[in-house]
Structures are given as C-alpha cells and as structure tokens.
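Counting in this note's numbering, the sequence shown runs from 1 upward without gaps.
From the three backbone atoms N, C-alpha and C, an ideal C-beta is built for every residue, glycine too.
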Amino acid sequence: MILEDESSSGSIASLLDNLRTGFYPISLNGWQATSADWWMPIIEAGRGEPVLLSPREPVLDDVDLVVVRTHVPKEVQAMCDKAMIPVVIEDWLLENIIRGKK
C-alpha cells in the first residue's frame, strides 16, 4: 500500500497527496489520547486526509493506513490485517516524511 513515489519532487505535498491516514487513540489512565491533533495540520498541508478512528468501532474503509503511537490492540491489528491496511507507528510516518518517500 505504501510505495515509493519516484516521480515526486520529494515535497510533503506530493508525498501525502490523497493519503487517507487513520489515527487510533490509546487509553492512558482512563482517558483517550491521540497525537492526531499534532499530525492533522501536517497531513492536511500535504493534501492528505487525516481520519480519527473510533476506539470502539474503527471504520477501516476510510483509510489507507493506520498510525498508532506505540501499539495497536490485537483486535484492531486483526481487522487491519484482514483489510490489508498497514499499521505503522508515528516514528515510521515521521521518518518517511523526512526521507521524502511513500
């Protein structure tokens, strides 16, 4: 699903163009936390589409990949595997933006 874009200029706009990025919240001490607020402007600036996934019923039809902070629950990983949607940690997304490759 995530492929290197050899024709791109390496800009963030071409890198994230039309990429539907799902963010899955995690539970920390009883409250839901996500870094989507931090990532949303970056994804939108690159003409991508950030999607905040529901922790109870994530709708995976709307995303090309799922970004998590450090881990994803087994049930969500199984759903992503079945739908052939990659699950990546935030570091992966940041490294690919820096490298300029999808």
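Practice problem: Starting from the Cα of S54, find the closest Cα among W38, M79, R69, Y24 and give me that residue. | Solution: Within the sequence shown, the letter at position 54 stands for residue 54. Considering only alpha carbons, the answer is Y24.
Practice problem: Enumerate in chain order the residues of its own chain whose CB-to-CB distance from D91 is below 6 angstroms, with the five nearest sequence positions on each side excluded. | Solution: As a first step, residue 91 must be located in the sequence shown, where it is residue number 91. Nothing meets the Cβ criterion.
Quiz item: What three-state label does DSSP hand E49 in the structure shown?
Solution: Counted from its first residue, the sequence shown places residue 49 at position 49. Three-state DSSP puts E49 in a strand.
Quiz item: Helix, strand or coil: which one does DSSP assign to P86?
Solution: The residue given as residue 86 occupies position 86 in the sequence shown. Correct three-state label for P86: coil.
Quiz item: Using the C-alpha atoms, what's the distance from L15 back to S7?
Solution: By one-based count along the sequence shown, residue 7 stands at place 7. By one-based count along the sequence shown, residue 15 stands at place 15. Confidence at S7 is low in this model, with a pLDDT of 46, below 50, so the placement of that residue should be treated as unreliable; the coordinate-derived value is given next. Looking at the two C-alpha atoms, the distance is approximately 10 angstroms.
Quiz item: Would the region 70 to 77 and the region 38 to 46 be scored as touching if the rule is three or more Cβ pairs under 8 angstroms?
Solution: no
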